[in-house]
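What follows is a short report on a single structure.
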Amino acid sequence: MTDTIFAKIVRREIPADIVYEDDDVLAFRDLNPQAPVHVLFIPKRAIASLGDATTADAELLGKLLLAAASYAREQGFEKKGYRTVLNTNEDGGQTVYHLHVHLLAGRRMTWPPG
Ligand code: 5GP
Numbered sequence: 267m268t269d270t271i272f273a274k275i276v277r278r279e280i281p282a283d284i285v286y287e288d289d290d291v292l293a294f295r296d297l298n299p300q301a302p303v304h305v306l307f308i309p310k311r312a313i314a315s316l317g318d319a320t321t322a323d324a325e326l327l328g329k330l331l332l333a334a335a336s337y338a339r340e341q342g343f344e345k346k347g348y349r350t351v352l353n354t355n356e357d358g359g360q361t362v363y364h365l366h367v368h369l370l371a372g373r374r375m376t377w378p379p380g
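In this text, residue positions in the sequence shown follow the working numbering: the first is 267, and each later residue adds one.
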């Protein structure tokens, strides 16, 4: 079981700028935004990393991506585009071990990422 800063945000123990919530998913603005729009989509039920997800989590992972896509559409980024990122473990650049999807939008992204 992981308990991270994101679990504290889910429990409302620390504040966050929440932009979307449903029964399974919470989304809030990143504290250190890397684009004009930088929102993190997390499952309320913590999974540490993508590598810890199992087939039992398939629906939850789908919900995360669909929530990100829906938010991007609502915010008007569907046509121009946006980036979704899921960092996994050390080499992936993961710093918070509560699985999350980054949604970055509002500027032209570069490739390859750093
Ligand atoms: P990772 O590096 O694990 O993929 O992404 C973690 C993200 O969480 C980082 O972009 C970082 O800025 C963000 N972050 C870390 N602590 C907090 C926090 O307390 N509140 C919010 N809103 N974002 C945080």
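Glycine is no exception: its CB is placed at the ideal position from the N, C-alpha and C atoms.
| Asked | Found |
| --- | --- |
| Distance cut-off 7 Å: F294 Cβ against heavy atoms of ligand 1 | yes |
| Closer than 7 Å: T361 CB and nearest ligand 1 heavy atom | yes |
| Proximity below 8 Å, CB of A371 to CB of A338 | yes |
| I271: CB within 7 Å of a non-hydrogen atom of ligand 2 | Ligands in the displayed structure: ligand 1; ligand 2 is not one of them. |
| Cβ-Cβ separation, F272 to H364 (assumed contact under 8 Å), whole Å | 4 Å |
| Contact check, V291 vs Q341, beta carbons under 8 Å | no |
| Spatial neighbours of M327 in its chain, beta-carbon cut-off 7 Å, leaving aside the 5 residues before and after | Looking at the sequence shown, residue 327 is not Met but Leu. The residues are A319. |
| Alpha carbon of I431 to alpha carbon of G380, nearest angstrom | Outside the shown range of the chain, which is 267 to 380, sits residue 431, and nothing can be said about it. |
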